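Visitor:
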Amino acid sequence: MATEMTTTTLNNFDDTVDNLENLSRSTQSLLRTMRLDVVLLGSQQDESRNTLSKLEQDWVMLQKMLKEQRTKEREEKEEEAKMKKDKEQQPEDDVVVVDSRVMKQ
């Protein structure tokens, strides 16, 4: 009976060792997978940073273009207003005064 208990204990011990070895292999595999995930995430983070940087550059360029466009439109409106004002202030060239009456030729 003692021999049977010893054999059972040894078999249980062997099973426990096998289970621990399997657990160790599974853990190592999981760690390799996690390392790969970390590398992949790092790569994606770098790519995301580059994309964000490009978007920020594009935003700055668009803001600059918008400012230039608004400045150009404002200058055109000011020029039109100036031309209109100058035209209103200019006397008409083809006006002749005769007997205090204005006649257009």
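Each residue of the sequence shown is one higher than the last, beginning at 519 in my numbering. Note that the Cβ used here is the ideal one computed from N, Cα and C, for glycine as well. In this text, all values refer to a predicted model and were calculated from it rather than measured experimentally.
Three-state secondary structure (DSSP) at Met519?
Guide: In the structure shown, Met519 sits in coil (DSSP, three-state: anything other than H, G, I, E or B).
Visitor: Using DSSP with H/G/I as helix, E/B as strand and the rest coil, what is Gln608?
Guide: Gln608 falls in the coil class under three-state DSSP.
Visitor: What separation, rounded to the nearest whole angstrom, lies between the Cα atoms of Met583 and Arg592?
Guide: Computed Cα separation, rounded: 14 angstroms.
Visitor: Quick check: the Cα distance between Lys605 and Lys585, rounded to an integer number of angstroms?
Guide: For Lys605 and Lys585, the distance between alpha carbons rounds to 30 angstroms.
Visitor: Just the C-alpha distance for Lys590 and Gln581, rounded to the nearest angstrom, thanks.
Guide: Their Cα atoms are separated by approximately 14 angstroms.
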